[in-house]
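Here the sequence shown stands for residues 18 to 367, where the numbers follow my numbering.
Just so you know, even glycine gets a beta-carbon here, dropped at the ideal spot from N, CA and C.
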Amino acid sequence: MNNDERDEREPADGDAIALPAEVAGSGTLDRLVENARDYAKASTSDNTNKAYVADWKHFARWCRRKGTEPLPPSPEMIGLYLTDLAAPAGKAPALSVSTIDRRLSGLSWNYAQRGLTLDRRNRHIAAVLAGIKRKHARPPVQKEAITPEDILAMVATLGFDLRGLRDRAILLVGYAGGLRRSEIVSLDVGKDDTMDSGGWIDIQEVGALLTLNAKTGWREVEIGRGSSDQSCPVHALEQWLHFAKIDFGPVFTRTARDGKRALESRLNDKHVARLIKSCVLKAGIRADLPEKDRLKLFSGHSLRAGLASSAQVDERYVQKHLGHATAEMTRRYQRNRDRFRVNLTKAAGL
18 MNNDERDERE PADGDAIALP AEVAGSGTLD RLVENARDYA KASTSDNTNK AYVADWKHFA
78 RWCRRKGTEP LPPSPEMIGL YLTDLAAPAG KAPALSVSTI DRRLSGLSWN YAQRGLTLDR
138 RNRHIAAVLA GIKRKHARPP VQKEAITPED ILAMVATLGF DLRGLRDRAI LLVGYAGGLR
198 RSEIVSLDVG KDDTMDSGGW IDIQEVGALL TLNAKTGWRE VEIGRGSSDQ SCPVHALEQW
258 LHFAKIDFGP VFTRTARDGK RALESRLNDK HVARLIKSCV LKAGIRADLP EKDRLKLFSG
318 HSLRAGLASS AQVDERYVQK HLGHATAEMT RRYQRNRDRF RVNLTKAAGL
């Protein structure tokens, strides 16, 4: 294996978890080393891990094309790399500021796994990144919030076969719970059902209690019953579990091609995004726009934004429900709701 191939691999196991020289190779701590590696990998989500690996591969290839090496970290070269991402010389499109910042985080993580430190405050990096943000930064592009009328129109496009029951439950539970798409598909029926579980459900008479292993730790989300069976997320969930005959393992699974039985394998979170876009088109939401623009407007986050914008309750309840650490983050999801509730112009006497 040449150096270029090694540079593009995921961090070698031995690089991630180092042992003192006096016990390295003795075999006495092999089990603990393996467990430590598993815990280290679990510190970030699978999607984040994949993104960080892709970031390292891209940087390693860039270094090879420039006739240099990615190891050890060179703040000067990383500053040039960031510049090339923001203002590429060829036909490659310039990356957004948020993507460049994410790439830098990916490099920092990758160097840390190799026992090296990348100082983001180094002047060669900090000055270039500050200039990129000052020159190219734009307001964040937010996905369209799905309204209560929208979600009802979307579920109305679904059939009542097994696949339709599942997708109806996904949309209604995701909307009422303000869930991320990864949180939806990671749910299990019971606690400790599977190794890759991200939480479990407890269906009660008054609603469903979801226990989630979120970014900020374990949290509980209460989903109450709706005003009718057609709009009730708990009823939709019960119908899916009953007819799919699911009482253990992943809540949302794939179905057979004929749509008549549920399979054991867990759905991928990309299914949620595809489902939302498909139902948006079928329901005629934002029909005033071309189809490609409508598809860009909506994503998995549209469910969370829809709940935050539509629930007419005190802001602190929405913050708790979404699992946000700050009220400011919740306000980003609420779009224009209550934006002018406090009028400082009139309060100042004008």
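Starting from the C-beta of residue i, find all residues in its chain whose C-beta is less than 6 Å away, skip the five residues before and the five after it, and write them out in chain order.
i      : result
Arg137 : none
Cys249 : Arg242 and Gly243
His288 : none
His423 : Nothing about residue 423 can be reported from this structure: the residues present for the chain run from 18 to 367 only.
Arg303 : Arg311
Under a three-way DSSP split, which group does residue i fall into?
i      : result
Leu371 : With the chain covering only 18 through 367, there is no way to say anything about residue 371.
Gly207 : coil
Glu22  : At Glu22, the pLDDT of 38 sits below 50, so the modelled position is not reliable; the number obtained from the coordinates is stated separately. It is helical.
Leu149 : Sequence inspection shows Ile at residue 149; the Leu mentioned does not correspond to that position. Correct three-state label for Ile149: helix.
Ile7   : For the chain, the structure presents residues 18 to 367; residue 7 sits outside this window and is missing.
Gly191 : helix
Leu88  : coil
Val114 : helix
Gly181 : helix
Ala397 : Coverage of the chain is limited to positions 18 through 367, which leaves residue 397 absent and any answer about it impossible.
Leu367 : coil
Val238 : strand
Gly224 : strand
Asp331 : coil
Thr164 : coil
Ser125 : helix
Thr347 : helix
Gly96  : helix
Asn360 : coil
Gln159 : coil
Lys108 : coil
Take residue i and list the residues in its own chain whose beta-carbon comes closer than 7 Å to its own, dropping the five residues that flank it on each side.
i      : result
Pro105 : Ala111
Val238 : Gly194, Leu227, Leu229 and His338
Thr174 : Cys296, Lys299 and Ala300
Asp371 : Here the chain has residues from 18 to 367 only, and residue 371 is not among them.
Leu314 : Lys160, Glu161 and Arg303
Gly224 : Glu239, Ile240, Gly241, Arg242 and Val251
Pop quiz: residue i and residue j are said to be a contact at Cβ under 8 Å. What is the actual Cβ separation, rounded to whole angstroms?
i      : j      : result
Phe265 : Val202 : That pair is no contact at about 16 Å.
Asp395 : Arg140 : Lying outside 18 to 367, the shown extent of the chain, residue 395 is not represented and no answer is given.
Pro87  : Ala77  : 5 Å
Gln256 : Leu182 : 5 Å
Ala261 : Leu179 : 6 Å
Val8   : Lys150 : Residue 8 lies beyond the range of the chain shown here (18 to 367); nothing can be said about it.
Ala290 : Ser326 : Going by Cβ atoms, the distance from Ala290 to Ser326 rounds to 19 Å, so no, they are not a contact pair.
Thr347 : Glu332 : 6 Å
By Cβ distance below 8 Å, which residues in the same chain neighbour residue i in space, the five residues on each side in sequence not counted?
i     : result
Glu25 : Note that Glu25 scores a pLDDT of 39, beneath 50, so its modelled location is shaky; the value from the coordinates is reported in the next line. Hits under 8 Å: Trp73, Lys74, Ala77 and Arg78.
Quick check on the DSSP output: what are the complete beta strand (DSSP E) runs of length 3 or more inside the segment 241-328, in order along the chain? 270-272 and 279-283
For the segment 299-309 against the segment 279-290, do three or more pairs of beta-carbon atoms, one drawn from each stretch, fall closer than 8 Å, so that the two count as touching? no
Are there three or more Cβ pairs, one per stretch, closer than 8 Å when the segment 88-102 is compared with the segment 125-145? yes
Spell out a yes or no on whether the segment 156-170 and the segment 207-223 are touching, meaning 3 or more CB-CB pairs, one atom from each, closer than 8 Å. no
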